[in-house]
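These notes are about the structure you will find just below.
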Amino acid sequence: DAMVIQNPRYQVTQFGKPVTLSCSQTLNHNVMYWYQQKSSQAPKLLFHYYDKDFNNEADTPDNFQSRRPNTSFCFLDIRSPGLGDAAMYLCATSRPGSEETQYFGPGTRLLVL
Amino acid sequence: AQSVTQLGSHVSVSEGALVLLRCNYSSSVPPYLFWYVQYPNQGLQLLLKYTSAATLVKGINGFEAEFKKSETSFHLTKPSAHMSDAAEYFCAVGVGTGGFKTIFGAGTRLFVKA
Numbered sequence: 001d002a003m004v005i006q007n008p009r010y011q012v013t014q015f016g017k018p019v020t021l022s023c024s025q026t027l028n029h030n031v032m033y034w035y036q037q038k039s040s041q042a043p044k045l046l047f048h049y050y051d052k053d054f055n056n057e058a059d060t061p062d063n064f065q066s067r068r069p070n071t072s073f074c075f076l077d078i079r080s081p082g083l084g085d086a087a088m089y090l091c092a093t094s095r096p097g098s099e100e101t102q103y104f105g106p107g108t109r110l111l112v113l
Numbered sequence: 114a115q116s117v118t119q120l121g122s123h124v125s126v127s128e129g130a131l132v133l134l135r136c137n138y139s140s141s142v143p144p145y146l147f148w149y150v151q152y153p154n155q156g157l158q159l160l161l162k163y164t165s166a167a168t169l170v171k172g173i174n175g176f177e178a179e180f181k182k183s184e185t186s187f188h189l190t191k192p193s194a195h196m197s198d199a200a201e202y203f204c205a206v207g208v209g210t211g212g213f214k215t216i217f218g219a220g221t222r223l224f225v226k227a
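Protein chains in written order, with my numbering: chain A, 1 to 113; chain B, 114 to 227.
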C-alpha cells in the first residue's frame with residue numbers, strides 16, 4: 001500500500017546532540033510537511049517543501065532544519081535539541097490538485113535526555 | 114487570519130450515546146474544513162473534509178459534520194458512540210495553494226464509557 005513512513009517511531013537523544021528524523025513516501029506526492037506536536041497540543045507546522053522549494057514558517061526556530069534529497073524522502077534535522085524539543089514529529093504529504101488532503105505518517109516521538 | 118476553536122478539551126459520553134464535538138472557525142475566504150482523529154502514539158487520520166460542496170459531509174466510521182456558514186461552525190457528530198471512538202479529535206481549517214497550510218484546533222479528547 002502507498003503510504004507515508006516515519007522512522008524510527010521512537011527516538012531518544014541527549015541534550016545538545018544533533019538528531020535526524022526521517023520520512024519517506026510511496027505516494028509520489030510533491031508536497032511534504034513537517035509538524036511538531038507537543039503533549040496535549042495541536043500539531044504545529046514547522047516547514048514544508050513544494051517540490052524542491054523550501055518554505056519555512058516564520059516562528060520555526062533556527063535549530064530546526066530540513067532536507068529533501070528527492071521526491072520520496074524528507075529529513076528533519078534538529079541541530080542542538082533542548083528539553084523543550086521533546087515532542088511527536090509528524091510528516092505529511094499532499095499532491096497537486098488536491099493539496100487540501102494531507103496524508104500523515106505515524107509520527108516519531110522524540111525524547112531528549 | 115484563519116483560526117479554529119474547539120469547544121471543550123474533553124468530552125465524555127456513554128457507549129451508544131450521541132457524540133457531538135464542537136468546532137468554530139474564522140476565515141476571510143471560503144475555507145476548507147477538516148476533522149482528523151488521532152489515536153495514542155499515532156499519526157492523524159482524516160475523518161472527513163468540507164470543500165464547498167454539500168454542507169453535510171459524511172466521513173469514515175459513521176461520523177459526519179455540517180458546515181454552517183451563518184454560525185461559522187463545523188461540528189462533528191456520530192449517532193452512537195463506540196468504545197473504539199475514544200481518541201483525540203482535531204478540527205482544522207485549510208488555506209492556500211502551492212503548499213497548503215492546515216491550521217489545527219487545540220483538540221478534543223473523547224472518552225467513551227461502557
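The beta carbon of each residue, even a glycine, is placed where N, CA and C say it ideally should be.
Item	Value
First and last residue of the beta strand (DSSP E) that includes residue 60 of chain A?	Here residue 60 of chain A belongs to no beta strand (DSSP E), and DSSP marks it neither H nor E.
If we ignore side chains and look at the alpha-carbon of each, how far apart do residue 159 of chain B and residue 216 of chain B end up?	14 angstroms
Quick one: what does DSSP say residue 184 of chain B is sitting in, helix, strand or coil?	helix
Using a Cβ-Cβ cut-off of less than 9 angstroms, give me the residues of the region 141-159 of chain B that come near chain A, in sequence order.	145, 147, 149, 151, 154, 155, 156, 157, 158, 159
Below 8 angstroms, how does it come out for the region 97-112 of chain A and the region 117-128 of chain B: are there three or more Cβ pairs, yes or no?	no
Any beta carbon of chain A sitting closer than 9 angstroms to that of residue 162 of chain B?	yes
Mark residue 167 of chain B as exposed unless 16 or more other C-beta atoms lie within 10 angstroms of its C-beta, in which case mark it buried.	exposed
Just the chain B side, please: which residues come within less than 7 angstroms of residue 109 of chain A by C-beta, in chain order?	154
In this structure, does DSSP put residue 156 of chain B in helix, strand or coil?	coil
Please confirm whether residue 213 of chain B has its beta-carbon closer than 9 angstroms to some beta-carbon of chain A.	yes
Looking only at DSSP bridge pairs, what is residue 207 of chain B linked to?	B/145, B/215
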